[in-house]
Amino acid sequence: MRRQLALVAGFVMGVMLPSAAHALTVGGADIVPSTALVPLASFPLTQIHDGITSDNPFNGFGSASPSGVITLDLVGEFDLTKFLLWNDINVFLEGIKDFRLDFFDSLDMAIAVGFDPTYVGPQGQLAVAEYVFDDVVPGVSRVDLVVLSSHVGVATQIEIREVAFEAVPELSVSHALALTASTLLGLRRLARLRSLRG
């Protein structure tokens, strides 16, 4: 009997818990950025979430300031698991260095996290840098990307090609129905086994 219960529980948990392969990417039109930082002439803030991650042609957000805050308003609420950063517009060993992520809900209330949300941006790296959170950050509607410092390179300034997040996908109606049907079928089988034994 315990074996059957464990089997049903394992199946239900397997259906309920999303895997990394099914993570939801939050980027592009899901992000509305804003900042008080003055952009460099050819690198407006709109290029921080336009989907272009290459360095040819040069693309991204740049500011002559080495520090500052970039607000990333998310279109909706998401349970975030990871931050994705393509650093340095031209990959000349520049871009943001030390940064912190501050999380807020839809009421603009700060969301406390049980881990240190301070990170170091890569230097001279074309590929994406992935920052996996120690815990899922639930109900996030806004993230402040607080740039504390920038790498010393040709210019010591903020340069970011692209940002995005990964989130736990929402449970679709069809997924929820499948989960309910599977659970009911498992419980029915357990009841039948009990009645046969008992």
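This note's numbering puts the sequence shown at residues -18 to 179. Don't be surprised by glycine CBs; every beta carbon is placed ideally from N, CA and C. Predicted, not measured: the structure shown is a model, and the values here were computed from it.
Once you ignore the five residues that flank residue i on each side, which residues in its own chain have a CB closer than 8 Å to its CB?
i: Gln106; result: Asn68, Asp69, Val72
i: Asp132; result: Reading the sequence as shown, one finds His at residue 132 and not Asp. So the list reads Asp69, Leu74, Glu75, Gly76, Ile77, Lys78, Gly102, Gln104, once near-sequence residues are dropped.
i: Gly9; result: His30, Asp31, Gly32, Ala145
Under 6 Å Cβ to Cβ from residue i, same chain only, skipping five residues before and after it: list those, please.
i: Val56; result: Asp11
i: Ile33; result: Asn40
i: Phe59; result: Val7, Val121, Ala148
To the nearest angstrom, how far is the alpha carbon of residue i from that of residue j?
i: Met90; j: Ala148; result: 19 Å
i: Asp115; j: Phe96; result: 6 Å
i: Val7; j: Phe84; result: 14 Å
i: Lys63; j: Glu75; result: 23 Å
i: Ile139; j: Val124; result: 17 Å
i: Thr137; j: Leu126; result: 18 Å
i: Ala4; j: Glu111; result: 13 Å
i: Asn37; j: Arg142; result: 11 Å
i: Ser35; j: Leu61; result: 25 Å
i: Leu26; j: Leu88; result: 24 Å
i: Val113; j: Pro150; result: 16 Å
Any idea what DSSP makes of residue i, helix, strand or coil?
i: Leu180; result: Absent from the model: residue 180. The displayed extent of the chain is -18 to 179, so no value can be given.
i: Thr27; result: helix
i: Asp60; result: strand
i: Asp11; result: helix
i: Ala157; result: Because the pLDDT of Ala157 is 48, which lies under 50, any placement of that residue in the model is unreliable, and the question is left without a value.
Using CA atoms only, rank isn't needed, just tell me which of the options is closest to residue i.
i: Val13; options: Arg178, Gly95, Glu151, Phe146; result: Phe146
i: Leu82; options: His132, Gly76, Leu74, Ile92; result: Ile92
i: Ser15; options: Pro119, Leu53, Gln28, Leu5; result: Leu53
i: Val50; options: Leu65, Ile77, Leu61; result: Ile77
i: Ile200; options: Gln104, Glu151, Val144, Pro119; result: Nothing about residue 200 can be read from this structure; the chain reaches only from -18 to 179.
i: Ala45; options: Val135, Asp31, Ala4, Pro119; result: Val135
i: Pro103; options: Asp86, Phe80, Asn37; result: Phe80
i: Ser21; options: Leu5, Asn37, Ala4, Phe42; result: First, the amino acid is wrong: residue 21 is Leu here, not Ser. Cα-wise, what sits closest to Leu21 is Phe42.
i: Ser48; options: Arg178, Ser130, Ser35, Asp31; result: Ser130
Say whether chain D places a C-beta atom closer than 8 Å to the C-beta of residue i.
i: Thr62; result: Absent from the structure is chain D; it holds one protein chain and no more.
So who's on the other strand from residue i, going by DSSP bridges?
i: Thr16; result: Ile51
i: Ser131; result: Ile77
i: Thr6; result: Glu147
i: Arg123; result: Asp54, Phe85
i: Ile141; result: Phe42, Asn68
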